[in-house]
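So the protein sequences, as listed, match chains A, B and C. Per the numbering used here, the very first residue in the first sequence carries number 22; after that it's consecutive. Per the numbering used here, the very first residue in the second sequence carries number 73; after that it's consecutive. Per the numbering used here, the very first residue in the third sequence carries number 291; after that it's consecutive. Here a beta-carbon is modelled for each residue, glycine too, at the ideal position from N, C-alpha and C. Okay, structure first, notes after.
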Amino acid sequence: MAKPISGGSLREAELTGAAGVAWAAPAARSESPFVQGVRRLRRSTTALVGAVIVAVLLVVALFANVLAPYNPTDTDQTTTFASPSWEHPLGTDQLGRDMLSRVIHGTRISLIVGVSSVLLALFVGVPFGMIAGFYGGGVDRLIMRVMDLILAFPIYLLAIILMVMFTPTAGLLGTMKVTGAIAIVRIPIYARLVRGSVLSIKEKEYVEACRALGVRDPWILFRHVLPNCLAPIIVTTTLGIATSIIVEATLSFLGLGTQPPTPSWGWDLKANVAFIQANMWLSLFPGLAIFVTVLGFNLFGDGLRDALDPRLK
Amino acid sequence: MRTYILKRLIEIVPTILMITLVVFMMMRSIPGDPVVALLGDAYTEEDAVLVRQDYGLDKPVIFQYVIWLGKLVQGDWGTSILSGRPVLQDVLGRLPVTLELIVLSMGVALAIAIPAAIIGALRQNTWADYTATSIAMIGVSIPEFFIGVILLLIFSIGLGGWLPSSGWVYLPGTCPSIVCGASLWGNAQHVLMPALALGVGRAALLTRLLRASMLEVIRTEYVTTARAKGLSERPVVFKHALKNALIPTITVMGLQVGFLIGGAIVVETLFAMPGLGTFGIDAIIARDYQQVQGFALITAFAFVGMNLLVDLTYTFLDPRIRYA
Amino acid sequence: MRLRSIPWPTLLVAVLALALAVPPPADAQAPKKGGTFRVSYGNDIANLDFHTAPGYEMMWVAMNVGCGLIDITPDGKFVGDAAESWQVAPDGLMYTFKLHKNILFHDGTKVDAAAVKFSIDRLMDPATKSGMRAFYDSIHSTEVLDPHTLQIRMKQPYAFMLHMLAAYRTGLVIYSPTATQKYTVEDRKKGKPEAIPGCGPFRLVEWVKGTHLVMERFDKYFKPGRPYLDRIIIRTIKDPITEMAAFKAGEIDFIASFSPEHVDTLKAQTPNASIMTGKETTPMVAAMKVTVSKDGKPMSKERAPHPIFGDLRVRKAIGCYGIDRKEIVQIAFKGKATPWVAMAPPGTLESIDLNAKCPYDQAKAKALLAEAGYGPGGKPLTFEIMADTEKSVFNVIATVIKEQLARIGATANIRVLDKVSWMNTTLGDGPWDMYVEDLLSLLTIDSNGYLSNSTSTWSHPRHNDKKVDEYYARYARELDTAKRQAIGRELLEYMVDNMYWNNVTGSPFYMVAQPWVKGYTYNAEFEVDWETVWLDK
Numbered sequence: 022m023a024k025p026i027s028g029g030s031l032r033e034a035e036l037t038g039a040a041g042v043a044w045a046a047p048a049a050r051s052e053s054p055f056v057q058g059v060r061r062l063r064r065s066t067t068a069l070v071g072a073v074i075v076a077v078l079l080v081v082a083l084f085a086n087v088l089a090p091y092n093p094t095d096t097d098q099t100t101t102f103a104s105p106s107w108e109h110p111l112g113t114d115q116l117g118r119d120m121l122s123r124v125i126h127g128t129r130i131s132l133i134v135g136v137s138s139v140l141l142a143l144f145v146g147v148p149f150g151m152i153a154g155f156y157g158g159g160v161d162r163l164i165m166r167v168m169d170l171i172l173a174f175p176i177y178l179l180a181i182i183l184m185v186m187f188t189p190t191a192g193l194l195g196t197m198k199v200t201g202a203i204a205i206v207r208i209p210i211y212a213r214l215v216r217g218s219v220l221s222i223k224e225k226e227y228v229e230a231c232r233a234l235g236v237r238d239p240w241i242l243f244r245h246v247l248p249n250c251l252a253p254i255i256v257t258t259t260l261g262i263a264t265s266i267i268v269e270a271t272l273s274f275l276g277l278g279t280q281p282p283t284p285s286w287g288w289d290l291k292a293n294v295a296f297i298q299a300n301m302w303l304s305l306f307p308g309l310a311i312f313v314t315v316l317g318f319n320l321f322g323d324g325l326r327d328a329l330d331p332r333l334k
Numbered sequence: 073m074r075t076y077i078l079k080r081l082i083e084i085v086p087t088i089l090m091i092t093l094v095v096f097m098m099m100r101s102i103p104g105d106p107v108v109a110l111l112g113d114a115y116t117e118e119d120a121v122l123v124r125q126d127y128g129l130d131k132p133v134i135f136q137y138v139i140w141l142g143k144l145v146q147g148d149w150g151t152s153i154l155s156g157r158p159v160l161q162d163v164l165g166r167l168p169v170t171l172e173l174i175v176l177s178m179g180v181a182l183a184i185a186i187p188a189a190i191i192g193a194l195r196q197n198t199w200a201d202y203t204a205t206s207i208a209m210i211g212v213s214i215p216e217f218f219i220g221v222i223l224l225l226i227f228s229i230g231l232g233g234w235l236p237s238s239g240w241v242y243l244p245g246t247c248p249s250i251v252c253g254a255s256l257w258g259n260a261q262h263v264l265m266p267a268l269a270l271g272v273g274r275a276a277l278l279t280r281l282l283r284a285s286m287l288e289v290i291r292t293e294y295v296t297t298a299r300a301k302g303l304s305e306r307p308v309v310f311k312h313a314l315k316n317a318l319i320p321t322i323t324v325m326g327l328q329v330g331f332l333i334g335g336a337i338v339v340e341t342l343f344a345m346p347g348l349g350t351f352g353i354d355a356i357i358a359r360d361y362q363q364v365q366g367f368a369l370i371t372a373f374a375f376v377g378m379n380l381l382v383d384l385t386y387t388f389l390d391p392r393i394r395y396a
Numbered sequence: 291m292r293l294r295s296i297p298w299p300t301l302l303v304a305v306l307a308l309a310l311a312v313p314p315p316a317d318a319q320a321p322k323k324g325g326t327f328r329v330s331y332g333n334d335i336a337n338l339d340f341h342t343a344p345g346y347e348m349m350w351v352a353m354n355v356g357c358g359l360i361d362i363t364p365d366g367k368f369v370g371d372a373a374e375s376w377q378v379a380p381d382g383l384m385y386t387f388k389l390h391k392n393i394l395f396h397d398g399t400k401v402d403a404a405a406v407k408f409s410i411d412r413l414m415d416p417a418t419k420s421g422m423r424a425f426y427d428s429i430h431s432t433e434v435l436d437p438h439t440l441q442i443r444m445k446q447p448y449a450f451m452l453h454m455l456a457a458y459r460t461g462l463v464i465y466s467p468t469a470t471q472k473y474t475v476e477d478r479k480k481g482k483p484e485a486i487p488g489c490g491p492f493r494l495v496e497w498v499k500g501t502h503l504v505m506e507r508f509d510k511y512f513k514p515g516r517p518y519l520d521r522i523i524i525r526t527i528k529d530p531i532t533e534m535a536a537f538k539a540g541e542i543d544f545i546a547s548f549s550p551e552h553v554d555t556l557k558a559q560t561p562n563a564s565i566m567t568g569k570e571t572t573p574m575v576a577a578m579k580v581t582v583s584k585d586g587k588p589m590s591k592e593r594a595p596h597p598i599f600g601d602l603r604v605r606k607a608i609g610c611y612g613i614d615r616k617e618i619v620q621i622a623f624k625g626k627a628t629p630w631v632a633m634a635p636p637g638t639l640e641s642i643d644l645n646a647k648c649p650y651d652q653a654k655a656k657a658l659l660a661e662a663g664y665g666p667g668g669k670p671l672t673f674e675i676m677a678d679t680e681k682s683v684f685n686v687i688a689t690v691i692k693e694q695l696a697r698i699g700a701t702a703n704i705r706v707l708d709k710v711s712w713m714n715t716t717l718g719d720g721p722w723d724m725y726v727e728d729l730l731s732l733l734t735i736d737s738n739g740y741l742s743n744s745t746s747t748w749s750h751p752r753h754n755d756k757k758v759d760e761y762y763a764r765y766a767r768e769l770d771t772a773k774r775q776a777i778g779r780e781l782l783e784y785m786v787d788n789m790y791w792n793n794v795t796g797s798p799f800y801m802v803a804q805p806w807v808k809g810y811t812y813n814a815e816f817e818v819d820w821e822t823v824w825l826d827k
């Protein structure tokens, strides 16, 4: 029977989503839960649809330079606000930039921001969570206090203040600032996730045995603990990407996200929403792009969660 | 149990204070201060120095924080340097608006989630199930402000002003103004679109949770026995499954408050609502230190307080969780 | 729905409703008294201490709650406000104002010469920290001759004394001595009605920041029959889409400053709206920093030339010949602005068109850059353009400039930041190369002294050229119109020749009113008076 997560709360469950992914101990059977999960995944339609969408997006992002007919930052004052046509399938914006190219290149930025913010949170949060769970005591309390503090911050308050602190710029630096702001808020999620998992594993006899044999702690963490939390981490990451993309778009709406001329869906959406009456497609298509991307990741993440949690089926 | 509650209550105080301290520090590391905003186009260097002295902005930061804390303990939330208005008064005036928005958004989310979950649980893995879940999934994938813009387009601009596009009519009794015109109907008109925009996104998680919980309850022997006794399916589902499934759902809803506060900022900005969200973001951008502190305090309190409430509720409901 | 199935009471009601809905023929001539005037602002009011608060939103409230000595009409004539008549001595060193005898503050106390003296004195007092203090520099002293006559003695002649009193920022706003001494500056800032008894046509009822400001007719206003409106409610709607939706739905009657980018959309949505505009009175500048602090201390007296724009040749290459102003007007304003080179925009008094001095000439620009050591043979030219988020058009213009400068081999990177950060950087002598902004509206060339005197904090380029100060001083003191205009021309040409001030276009200003709003006289940002407004409803 799994030991209750000491000091934990419903928040743990909430953070990993819904009914929570089981903190399953390694199965005694020959087939690992991972393989079982993959099999279930392949049968799930939601995951399939999501995976297809995500794959398409990755392709678009990778080959944006090839796929986009124009340079997304090229302005052309003779064709501003053009309606969709053969030359410009999605029309042009106020500065004559081709919308289709902007949407295609925007994929790159959105995916970069979405993925890197979550990965950053992961690479910071997971080690902290492992250390906190494994060593316990004062270290645990300190780390969790800091995590609680970040968690207790309303996400947008933190992001807004951070963004205003590091005033937005265009280009790579600007993207990095947005990524950092979004990442900070997600770190505690991973820390808590991993810590919980570590706590449930720590007491196992074979861990004691390893230690007795002189196996070094980091190896134990890596070999035994990490595979256990892999499932919830993957699920949280996938869903986290979706959330990050929405947060980036929202920050842009408030004027604080990625700045032009970097092609960003959120910024294009915000800038063109005011022209929505006459040139509806200018904000509609970036909006649609956001929707499809987020939907893809959500579907995939949901499918993953279904597949990796035996209790739901 | 009582001591445990007390202990938790006392514990949240340092957390809230830490948040306000961090916000305090962060605000003061942003370039520009309220004096720049206060003097505006009348700014001169000489005046700026004098004004900073007047408001104690030239003192060391920790000093300023302690002063703020001292006033807070006496019930004084400070006065905005920019507008001269007492912060507490402004916060209290705006609280009902955001509160109503959040509560109604939750209502919208539930209104979508409950039918979807019931369909999903009853007709698991059928087309109806997939459709219901899909609708919820769509809602969570669109940014709230975009839903808001589309609603604006349809109901305010498109249908010639069916619903008002902005502003607010207060609920009777909540109006901070002399000029009120508070009315239930007016209020309903103004809050409908924002609540929809904010609530639709929350529905997906709730649907999922409710559905899963209901499925779990349905599978228990208790229900199977009831069925075996010959009771028809529907009363079984409604009476037992739903009731039991709602409990964890409600607790999860409490935790959603954090996301709702964030979403509220955006929705309030779009619909020009005089709530805490617009209050906060305006204050941050104008570097109005005092107002930002007030905003941070109340949101931190709401957030942390809500989490605590949920934790305590869960403890009551599930005695299997032991707390050291 | 078949006719037979409709119950007859419903039909009767429908017919009656139709009949009543047809409005009686409107009497378009005589103003109707009454009604609530709903105004929309695009930005919040900062605070309500008229003498010190920043921002047009506050100024327009001050113009209606407060009263001054005189006002100015769109064609530049002066009309009396609290002053019934006035005399200017031929040498320009003495102004005598005779006040109306029956003017009251909103709290019932009398408006007399003592109150006016009190107001002017406090504006001139450094302790008040009013941004208008600099305008009153030429005043030597004020004297109350009798309860209704005020005499102002000047240190030197000031050609724009009346302009300044009428419409520099709020113009002179008369404060009540009793109320000012009784209530604190915080009371005034937060809009406590008792602390702000103006002498204008409307009295302040309430201000809830971010929600609304309410004014009501002052029954004892000294002009008989005015104002017509019962009440004015000002709301802040920041998002142009929401603003347009509210306007279309008839929720607001008047938009006080509408985003020029969306005027076309508004026109399409509400074809019978009254859209008011005129010659631009605000300059849109792409300012370049001329000097930087030598010792690293902000606002230091020791200056060194800016590494890039310290060289006049580079300033001219980039600002004068390298920018296609017509293209900017096309893209950023859809043609609805004026390409403009001279420092004073087209709508400013005694403004001169100097566009011929800076034609768009890529060859000339490249040549100058080469001379200065940049270009294919020399070093690469890279710098940063700042654009703040107050208006989205700044970014658009910056992007177009970036594109245009690429054509002459210069690389410009755009940095977007919020207004307060922008102010902090520019006012604090921080590091910047170029920015795009539209600063303040200019009634006269003299009012620009505030922005470009070498000693002014707001002279962001920090050109430190005392000759500019001399020109301003001579311009302000010259009472003879012909001579003054000659000085003005010299000053404007000097500014262009040295590119201390790089005007790109005029910044258009729009006000929008519903068709039933009558009686409003458009006078750009300078005079926003709702005293004469009435609603034809």
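> With a cut-off of 8 Å, do at least 3 Cβ pairs link the stretch 690-699 of chain C to the stretch 593-601 of chain C?
Replying inline: no
> Near A68 of chain A, which residues of its chain fall below 8 Å by C-beta distance, leaving aside the five closest residues on each side in sequence?
Replying inline: Taking the first sequence and counting its residues from 1, one reaches residue 68 of chain A at position 47. Here the set comprises L62, L320, F321, D323, G324, L325, D327 and A328.
> Expressed to the nearest angstrom, what Euclidean distance is found between the alpha-carbon atoms of S122 of chain A and P105 of chain A?
Replying inline: Residue mapping note: residue 122 of chain A aligns to position 101 of the first sequence, counting from 1. Residue mapping note: residue 105 of chain A aligns to position 84 of the first sequence, counting from 1. Answer to the nearest angstrom: the Cα atoms are 13 Å apart.
> How would you list, in chain order, the residues of chain B whose beta-carbon sits under 9 Å from the beta-carbon of T271 of chain A?
Replying inline: As a working mapping, residue 271 of chain A is identified with position 250 in the first sequence. Residues of chain B passing the Cβ test: P215, E216, F217, G334, G335, I337 and V338.
>> So, for A594 of chain C: in the same chain, excluding its five sequence neighbours on each side, which residues have a beta-carbon less than 7 Å away from its beta-carbon?
In response: Start at 1 with the first residue of the third sequence, and residue 594 of chain C comes out as number 304. Cβ neighbours of A594 of chain C beyond the five flanking positions: T581, V582 and K584.
> Nearest-angstrom Cα distance between E783 of chain C and D770 of chain C?
Replying inline: Residue numbering aside, residue 783 of chain C sits at position 493 when the third sequence is read from its first letter. Residue numbering aside, residue 770 of chain C sits at position 480 when the third sequence is read from its first letter. Computed Cα separation, rounded: 20 Å.
> Quick one: what's got a C-beta closer than 7 Å to G625 of chain C's C-beta in the same chain, skipping five residues either side?
Replying inline: The sequence position of residue 625 of chain C within the third sequence is 335, counting from 1. Once the five neighbours on either side are set aside, the close Cβ partners of G625 of chain C are V619.
> Cα separation between I642 of chain C and A814 of chain C?
Replying inline: Mapped onto the third sequence, residue 642 of chain C falls at position 352. Mapped onto the third sequence, residue 814 of chain C falls at position 524. I642 of chain C and A814 of chain C: Cα-Cα distance of roughly 19 Å.
>> For E506 of chain C, list the residues DSSP reports as bridge partners.
In response: Within the third sequence, numbered from 1, the residue matching residue 506 of chain C stands at position 216. Paired residues: C:R493 and C:R521.
> With burial defined as no fewer than 16 other Cβ atoms inside 10 Å of the residue's Cβ, what is the status of F135 of chain B: buried or exposed?
Replying inline: In the second sequence, residue 135 of chain B corresponds to position 63, counting from 1. Under this definition F135 of chain B is an exposed residue.
> Closest Cβ-Cβ distance between D509 of chain C and chain B: below 8 Å?
Replying inline: Taking the third sequence and counting its residues from 1, the one referred to as residue 509 of chain C is at position 219. No, because no Cβ of chain B sits closer than 8 Å to the Cβ of D509 of chain C.
> In terms of residues, what are the limits of the alpha helix (DSSP H) holding E484 of chain C?
Replying inline: Sequence index remark: in the third sequence, residue 484 of chain C carries index 194 (1-based). No alpha helix (DSSP H) holds E484 of chain C; DSSP gives it neither H nor E.
>> Here's the rule I'm using: 16 or more other beta-carbon atoms within 10 Å means buried, otherwise exposed. How should F217 of chain B be labelled?
In response: For the purposes of this step, residue 217 of chain B is taken as residue 145 along the second sequence, with counting starting at 1. Looking at its Cβ environment, which holds 16 or more other Cβ atoms inside 10 Å, F217 of chain B is buried.
>> Is Q652 of chain C close to chain A? Criterion is C-beta to C-beta, closer than 8 Å.
In response: Locating residue 652 of chain C in the third sequence gives position 362, where the first residue counts as 1. With 8 Å as the cut-off, Q652 of chain C does not count as an interface residue toward chain A.
> If you follow the alpha helix (DSSP H) that H453 of chain C is part of, which residue opens it and which one closes it?
Replying inline: Residue numbering aside, residue 453 of chain C sits at position 163 when the third sequence is read from its first letter. Taken as a continuous stretch (DSSP letters only), the alpha helix (DSSP H) holding H453 of chain C covers M451 to A457.
> Nearest-angstrom Cα distance between D477 of chain C and G332 of chain C?
Replying inline: Within the third sequence, numbered from 1, the residue matching residue 477 of chain C stands at position 187. Within the third sequence, numbered from 1, the residue matching residue 332 of chain C stands at position 42. Approximately 25 Å, taken between the alpha carbons.
> So, helix, strand or coil for D415 of chain C, using DSSP?
Replying inline: For the purposes of this step, residue 415 of chain C is taken as the residue at position 125 of the third sequence. D415 of chain C: coil per DSSP, three-state reduction.
> Which residues in chain C sit within 7 Å of F296 of chain A, going by Cβ to Cβ distance?
Replying inline: Residue mapping note: residue 296 of chain A aligns to position 275 of the first sequence, counting from 1. Within 7 Å Cβ-Cβ: T555.
> What are the residues of the stretch 343-360 of chain B that lie near chain A, defined by any Cβ-Cβ distance shorter than 9 Å?
Replying inline: G349, G352, I353, I356, I357 and R359
>> Which residue wins for smallest C-alpha separation from A114 of chain B, given the options C:T460, C:T679 and C:Y810?
In response: Within the second sequence, numbered from 1, the residue matching residue 114 of chain B stands at position 42. Nearest of C:T460, C:T679 and C:Y810 to A114 of chain B, Cα basis: C:T460.
>> At the level of alpha carbons, what is the spacing between D719 of chain C and S731 of chain C?
In response: Translated into positions along the third sequence, residue 719 of chain C becomes position 429. Translated into positions along the third sequence, residue 731 of chain C becomes position 441. Cα-Cα distance, rounded: 23 Å.
>> By the three-class DSSP mapping on this structure, what secondary structure does T555 of chain C have?
In response: Numbered from its first residue, the third sequence carries residue 555 of chain C at position 265. Note: T555 of chain C maps to helix in three-state DSSP.
>> Using CA atoms only, rank isn't needed, just tell me which of C:V818, C:T822 and C:Y761 is closest to Q775 of chain C.
In response: As a first step, residue 775 of chain C must be located in the third sequence, where it is residue number 485. The residue with the shortest Cα to Cα distance from Q775 of chain C is C:Y761.
> For the stretch 695-726 of chain C, which residues have a CB atom closer than 8 Å to at least one CB atom of chain A, in sequence order?
Replying inline: N703, I704, R705, V706, L707, D708 and S711
>> For A189 of chain B, report the span of its beta strand (DSSP E) as first-last.
In response: Along the second sequence, one-based indexing puts residue 189 of chain B at 117. Note, A189 of chain B: premise wrong, no beta strand (DSSP E); alpha helix (DSSP H) at V159 to L194.
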